[in-house]
Amino acid sequence: MRPTTTRIALLAAAALTALPAQAQIRNAPSPRALEFASYIFAASNVCGYRIGSAQFEALLAKQNVQIADVQPRGPFGNRVQTMFTLMSNQMAQNRDQACLAVAGEYGPEGTVAKNVLLPAGQEPGAPTKTPAEPAEPAKPQ
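All letters in the sequence shown, in the order written, are residues -23 to -1, 1 to 118 by mature numbering (1 follows the signal peptide of the UniProt record, and there is no 0).
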């Protein structure tokens, strides 16, 4: 074979193998999305909450992020783990207040999103327990 023919064959093979790789390239998740994932993972770690995966994935999807991107072995897992460590340490210093704040935002009655974080014993599809009505004060007779 001639050197020119060999070069053309090598270039064609390289071009064909590069096409599938180009199809997988996409933009990195926003820093806000990585912070959100880290926050939810840290709250689960420190407070013992379970993550409602359907709700969590839906919130990530709104930010154009897949759950596989932010998992420990995902392409951005190392960034999430770094933020997770910092957030976990900070939450652990004021555990009670941090857990109340997180539950108020992402718990069963969350103000930001409901059922992203669930109490440890609750199933994701189970209805939330409503607190008992306070007893009426005794009326003087």
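We treat Cβ as the ideally placed atom computed from N, Cα and C, and that holds for glycine.
In the three-state reduction of the DSSP assignment, residue 50 falls in the coil class. With fewer than 16 other CB atoms across the displayed protein chains lying within 10 angstroms of its CB, residue 70 is exposed. Residue 97 places its beta carbon less than 8 Å from that of residue 26. Listed in chain order, the alpha helix (DSSP H) runs fully inside the segment 24 to 94 are 30 to 39, 44 to 47, 54 to 70, 72 to 83, counting runs of at least 4 residues. Contact between the segment 5 to 24 and the segment 57 to 77 is present: three or more C-beta pairs spanning the two stretches fall below 8 Å. When only Cα atoms are considered, residue 87 and residue 79 end up about 8 Å apart.
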